[in-house]
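One structure is given here, and the rest of the page talks about it.
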Amino acid sequence: MFCAAALVPSPPLLVPELMGRAAAEATELRAAAVSAVEQLSAVADRWLAVGVDDGEGRYDETTVGTMRGYGVDVEVRLSGSPARSGPDPELPLAVLLAGWLRGAAAADRAIEVRTVPADASARWCSHTGMELRRELDASDDRWGVLVLADGANTLTPKAPGSFDSRAADVQRRIDDALATADVDALAELDEGLCAAIGVRGRPAVQMLAALVGTDAVSTTELYRGAPFGVGYFVGLWSRG
1 MFCAAALVPS PPLLVPELMG RAAAEATELR AAAVSAVEQL SAVADRWLAV GVDDGEGRYD
61 ETTVGTMRGY GVDVEVRLSG SPARSGPDPE LPLAVLLAGW LRGAAAADRA IEVRTVPADA
121 SARWCSHTGM ELRRELDASD DRWGVLVLAD GANTLTPKAP GSFDSRAADV QRRIDDALAT
181 ADVDALAELD EGLCAAIGVR GRPAVQMLAA LVGTDAVSTT ELYRGAPFGV GYFVGLWSRG
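Read in our numbering, the sequence shown has 226 at position 226, and its numbers run on one by one without any break.
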């Protein structure tokens, strides 16, 4: 059954080796993300990760990747199981970050990662989230879900997507919804506006909203900010 979710972003800057001298600038965000995964692992028997990519994908516990495409050959694994092949340098970033967080916070665990399309409709996200909930609730194990989702990338003039005056208000509403488990607000996020201001994580949080549904959940906010002009939120949702 589903018991909890951890929400983290998926920027390469979480990995210290990729940041060089600038690694300290992401220390608070990195610590919060690792803490979220540690807390998820403490309450869940098993967990899987959901992130965003160009299309759907499933990556099992034998998956091994490398951050080489981002500048440094940092190997990441989804478990301690033997790999079927060498590290894949072309894995989606969400898969790589899920593997890195597993290694940093819960190295004794194995995870599966599922990616959802960046352009998925809200209706598709709702259907897929409810399907995943049924799948998890059919198990006797306590399942945790790690949701990797970035916010707007247009919050400052130097942000990756440049500046968009609409972004700050939307990001605040997203952060507030994640902080309070306001599933209705997440489900109602405007697809076109989110795409325009670079909220790439929209499908993942809308899928989470559908997965949780009408359940009562307690929330813990661990981080919110935009240190590089991109909105990042870290927190926990727990049933009951």
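Note that beta-carbon positions come from the ideal geometry of N, C-alpha and C, so glycine has one too.
Checklist entry - Between G201 and the rest of its own chain, which residues show a CB-CB distance below 7 Å, the 5 nearest in sequence each way excluded? => result Numbered from 1 along the sequence shown, position 201 holds the residue referred to as residue 201. Result list for G201: V52, A149, D150, G151, in chain order.
Item to check | Cβ pair A185, V212 closer than 8 Å | outcome: On the sequence shown, position 185 is the one that residue 185 refers to. On the sequence shown, position 212 is the one that residue 212 refers to. Not a contact, by the Cβ cut-off of 8 Å.
Checklist entry - Which residue from R84, G198, L146 puts its Cα closest to that of A168? => result Counting from one through the sequence shown, the residue named residue 168 turns up at place 168. Nearest option by C-alpha distance: G198.
Checklist entry - Helix, strand or coil: which one does DSSP assign to P89? => result As a position in the sequence shown, residue 89 is number 89, starting the count at 1. DSSP places P89 in coil when its eight states are reduced to three.
Next on the checklist: So, does the region 132 to 144 touch the region 60 to 79, judging by three or more C-beta pairs under 8 Å?
Outcome noted: no
Checklist entry - How would you call L86, buried or exposed, if buried means at least 16 neighbouring beta carbons within 10 angstroms? => result Translated into the one-based positions of the sequence shown, residue 86 becomes position 86. A small fix is needed here, since residue 86 is Gly in this sequence, not Leu. Flag for G86 reads exposed.
Item to check | contact_flag[the region 31 to 39, the region 81 to 96] where n(CB pairs < 8 Å) is 3 or more | outcome: no
Checklist entry - Can you tell which of A49, G55, A110 has its C-alpha closest to the C-alpha of L78? => result Locating residue 78 in the sequence shown gives position 78, where the first residue counts as 1. Nearest option by C-alpha distance: A110.
Item to check | Helix, strand or coil at D184 [DSSP, three-state] | outcome: Residue numbering aside, residue 184 sits at position 184 when the sequence shown is read from its first letter. It is helical.
Checklist entry - From this set, L48, T66, D215, V230, which residue's C-alpha is nearest D175's C-alpha? => result On the sequence shown, position 175 is the one that residue 175 refers to. Considering only alpha carbons, the answer is V230.
Checklist entry - What does DSSP give as the partner residues of P117 in its beta bridges? => result What you label residue 117 is simply residue 117 of the sequence shown in a count that begins at 1. P117 pairs with D53.
Checklist entry - Buried or exposed: where does M67 fall if 16 or more other Cβ atoms within 10 Å of its Cβ makes it buried? => result Working through the sequence shown from its first residue, we reach residue 67 at position 67. Label assigned to M67: buried.
Checklist entry - Does DSSP put L211 in a helix, a strand or coil? => result Residue 211 sits at position 211 when you count from the first residue of the sequence shown. Three-state result, L211: helix.
Checklist entry - Are the CB atoms of A195 and G235 nearer to each other than 8 Å? => result Within the sequence shown, residue 195 is the residue found at index 195, counting from 1. Within the sequence shown, residue 235 is the residue found at index 235, counting from 1. Contact flag unset, no.
Item to check | Run of the alpha helix (DSSP H) containing G129, from where it starts to where it stops | outcome: Residue mapping note: residue 129 aligns to position 129 of the sequence shown, counting from 1. Counting along the chain, the alpha helix (DSSP H) containing G129 begins and ends at 122 to 137.
Checklist entry - Where does A42 sit, in a helix, a strand or coil, going by DSSP? => result On the sequence shown, position 42 is the one that residue 42 refers to. Helix at A42.
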